[in-house]
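Those sequence lines, one after another, are chains A and B.
Counting along the first sequence from 1, when you hit position 108 you're at 95 in the numbering used here, and nothing is skipped either side.
Here the numbering used here = 1-based position in the second sequence + 447.
Where a beta carbon is used, it is the ideal one built from N, C-alpha and C, also for glycine.
Quantities reported herein were computed from a predicted structural model and do not represent experimental measurements.
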Amino acid sequence: MTAVDSYRTLHPRSDVVNYTRHIVPSRVNRRSLLLALSGAPLPLASSCASPERRERRVVTLWYSYGGKNREVLTELVARFNRSQGDILVEATYQGDYYEALAKLRTAVAARVAPTLSHVVVEVLPYLAETRALEPLDEYPGARELGLVHSLAQAGAFASGDARPLYGIPFNRSIPVTYLNSELFEAERLDAPTTWAELVEAARRLTRRSAANPRWGFGVPISWWFWVAMTAQAGGELVGPGGETTFGGEAGAKALAFLQRLVHDERVMRLPAGRDYNAWQVTNQDFIAGRVAMTWMSTAFLRYIEENARFRVRTAPLPGDVRRAVPTGGTFFVMLASAPEPEKRAAWSFLRFMCATDQAVDWATRTGYLPVTDASVARLRDGGFFAKHPNDTVAQRDLANVLAWPWAPNLFRSQRDVLEPRLEEAVMKGRNAGALLREARELARRPW
Amino acid sequence: MLKAQARFHPWAMLSPSLGLLLVFVLVPLALAAWQSFFAWDLLTPAVPVGLGNFRALAESGALLGTAGRTLAFSALVVSGATVTGLALALLLDRPGALFAWVRSSIFAAYVVSWVAVALLWLWLLDGDVGIVGVSLRAFGLPRVGFLTEPALVVPTLAAVTTWKIAGYAMIVFQAGLRAIPASVLEAAALDGASGFVRLRSMTLPLLAPTTAFVATTSLVVSFQAFDVIRIMTQGGPAHASELFVYAIYEQFFMNLSVGRASALAVVFFALLLALSAAELRAFELRGRTRRERSLP
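Here you go:
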């Protein structure tokens, strides 16, 4: 009795047996069996595909949301899949923004990219430059989405409307100040509106107790917050000629301010870890009451409100010589390598996500900003903003949005050049001006 | 002795291993060496830069820093695992259910995944609420940022790694101890050798091959360190915990720089090659010395 015969006896209805019946001769030797088995998985895999997958156009979406945001996104995807019978969006989690970007680049290089993904603001010009992204201007209705100007490519980037449309905003955010309102009330403090007020508030809120310490202020050492501070100090990331300046004196002033909070005033807690781990740690510190005030993305608004055991209040970031905030979050992008029918199907999904119902749902359930004028109007007219003053803060602060330069080396400047130096300056106390001069020189280096 | 019937037979026998070595080691190594001479991000055409990647890494201090941190981490892990493993084996190599339970408990850390260990220690070492920090403060000591102080982060990660692998070293040393004939130690005791003298002059020399094995396996583990860094520090603060494997990952996947990642991989390979050659040479010299001593 051959191996297949034995298997057939034990599993008379098995697909494997039925399949191998056609390809395995009655007298099976080892070589023919190995050959047959090596080819078996492919047709088996296709036969295992669900009927939905066979009958509908499949659009693959790679996403980076975790926790509450993931829950809402997957619900919206399911809603789209239920709303029609031709397209099936399959959403797959790919790690945090940076991990997902690493996978996306590798997939593009290996020609196995998904149809859709979403990428952080800073990386959009770089990916557009590599021609990995599909220009979306000519898709039906692309110019009539009614996007909020400062959150769309047109307003989020300097002269963003002079370029082909590559990104559709969906999870967009700005940084805001989160306050433990009970501690602020106990100390009779109001939200700081200037850097000087921030120092004063942080001093009064810091409790230097060995057993139960509390820090007045906490923020991840991240380029996003440093860009905000540099802009508040009057600086720009690039000069008028497009050269990288990293804010010049204003950049150094912002960095020196962080150093002062950590080393001189000792009112700011340094979170462990880097990247989004540090963000998560900062959130936990705030929720647990270890930090009285933090700067964080609006993306975490609902998460923080739902998990903190005290009343959470938000306020605009304080200013120095001016008020300014960068936008953050991601844009949906379509990969140029996808087959045309898939791209058309993916566009239907993008339009669905920009429709008012979805934009409102996403914003109200997560804390990301509503990205279309119609969704903002519905929230305002329906009384949502009146009931949720924390959401209103970000809406008002959109007036202070700073446009990112459309620079293909923006992402490299952030990851490779600047962020390690921000850490060095704050952790090791190295001279801020010297580090930024070094960073400017490195940013001019070829890729 | 068996003789090959045809000249290609030995090669045919070796071909599966050679094929795997070629595909998974030699070809990637050659590719990495080639790519180290280009600036490339996977998506745009590669630009030849000669030794530019090596120069950039050297000038920024990243090359020396990464090599220094990796060697320091390895030295701490190898010495820590060897000393702790030996001490635990000497203390716990005794009969009885209690000792067996303690040995099993210590060894359990070795079979737990790196991710779980890293998450556990991340919590224990938290500066404010971690049990280590709280205990230190209970003794009136100041708050210690084990994972946020650049000077402390490598020793901290080395301690976590040692904690994880010390159980394995203990089991290997225990096997080594049991292989030493009891009669030899009894004879020394009858001759009046104290416990310390027996340990120094008999047990430790007889454990030399076991020690070499533990040191080698610990060295391999230390050079492969990745998970614990990824979970606990992501290479920070300020690159202070960026060891070679993590630095290569960071350059390739996070900084989009294939050329510099490849340059780091080439230097890492050269470092490992030099260390392996030194280790082989040391074994060779030790073997020769032993043979010379045994001559009449």
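Check, Outcome
"CB of residue 565 (chain B) within 8 Å of CB of residue 674 (chain B), strictly", "yes"
"Candidates B:735, B:719, B:705 and B:725: closest to residue 495 (chain B) by CA position", "B:705"
"Cutoff 8 Å: residue 178 (chain A) Cβ touching any chain B Cβ", "no"
"Endpoints, alpha helix (DSSP H) assigned at residue 597 (chain B)", "597 to 626"
"Per DSSP, the bridge partner or partners of residue 192 (chain A)", "Answer is none; residue 192 (chain A) lacks a bridge partner."
"Whole-angstrom C-beta distance between residue 712 (chain B) and residue 479 (chain B), which should lie under 8 Å", "5 Å"
"Extent of the continuous alpha helix (DSSP H) run through residue 649 (chain B)", "Per DSSP, residue 649 (chain B) belongs to no alpha helix (DSSP H) and is neither H nor E."
"Cβ-based burial, residue 578 (chain B) [other Cβ within 10 Å; buried from 16]", "exposed"
"Residue 490 (chain B) (DSSP reduced to helix, strand or coil)", "coil"
"Range of the contiguous beta strand (DSSP E) that encloses residue 317 (chain A)", "315 to 321"
"Residues bridged to residue 225 (chain A) [DSSP beta-bridge criterion]", "A:231"
"Contact with chain B by residue 95 (chain A), beta-carbon distance below 8 Å", "yes"
"Chain-ordered residues of the segment 411 to 431 of chain A with a beta carbon less than 7 Å from chain B", "411, 414 and 415"
"CB contact below 8 Å: residue 686 (chain B) versus chain A", "yes"
"CB contact below 8 Å: residue 566 (chain B) versus chain A", "no"
"Neighbour list for residue 597 (chain B) in chain A, Cβ cutoff strictly below 8 Å", "414 and 415"
"Span of the alpha helix (DSSP H) around residue 363 (chain A)", "360 to 368"
"Residue environment, residue 638 (chain B), which counts as buried when at least 16 other CB atoms sit within 10 Å", "exposed"
"Which of helix, strand or coil DSSP assigns to residue 113 (chain A)", "helix"
"CB contact below 8 Å: residue 584 (chain B) versus chain A", "yes"
"Contacts around residue 732 (chain B), its chain only, beta-carbon distance under 6 Å, and the 5 residues preceding and following it disregarded", "none"
"Cβ contact (3+ pairs, closer than 8 Å) linking the segment 218 to 227 of chain A and the segment 197 to 205 of chain A", "no"
"Separation of residue 556 (chain B) from residue 458 (chain B), as counted between CA atoms", "43 Å"
"Spatial distance of residue 217 (chain A) from residue 392 (chain A) (CA atoms)", "14 Å"
"Reference residue 362 (chain A), options A:42, A:268 and A:347, closest by Cα", "A:347"
"Coil, strand or helix - residue 32 (chain A) by DSSP", "In this prediction, residue 32 (chain A) has a pLDDT of 46, which is less than 50 and means its spatial position is unreliable; nothing more can be read from the coordinates."
"Proximal residues of chain B, C-beta to C-beta of residue 89 (chain A) below 7 Å", "700 and 701"
"Residue span of the beta strand (DSSP E) that contains residue 163 (chain A), given as start and end", "162 to 167"
"Per-residue DSSP class, three states only, for residue 372 (chain A)", "helix"
"Range of the contiguous beta strand (DSSP E) that encloses residue 544 (chain B)", "Counting along the chain, residue 544 (chain B) falls outside any beta strand (DSSP E), though it belongs to the alpha helix (DSSP H) covering 544 to 558."
"Residue interval of the beta strand (DSSP E) (run including residue 74 (chain A))", "74 to 80"
"Length of the line joining the Cα atoms of residue 165 (chain A) and residue 499 (chain B)", "45 Å"
"Residue-chain proximity (residue 489 (chain B), chain A), Cβ-Cβ < 8 Å", "yes"
"Burial state of residue 183 (chain A) (16 or more Cβ within 10 Å)", "exposed"
"Which residues DSSP lists as bridging residue 694 (chain B), in chain order", "In the DSSP output, where bridge partners are listed per residue, residue 694 (chain B) has none listed."
"Within 9 Å of chain A by C-beta, residues of the segment 664 to 682 of chain B in sequence order", "678, 679, 680, 681 and 682"
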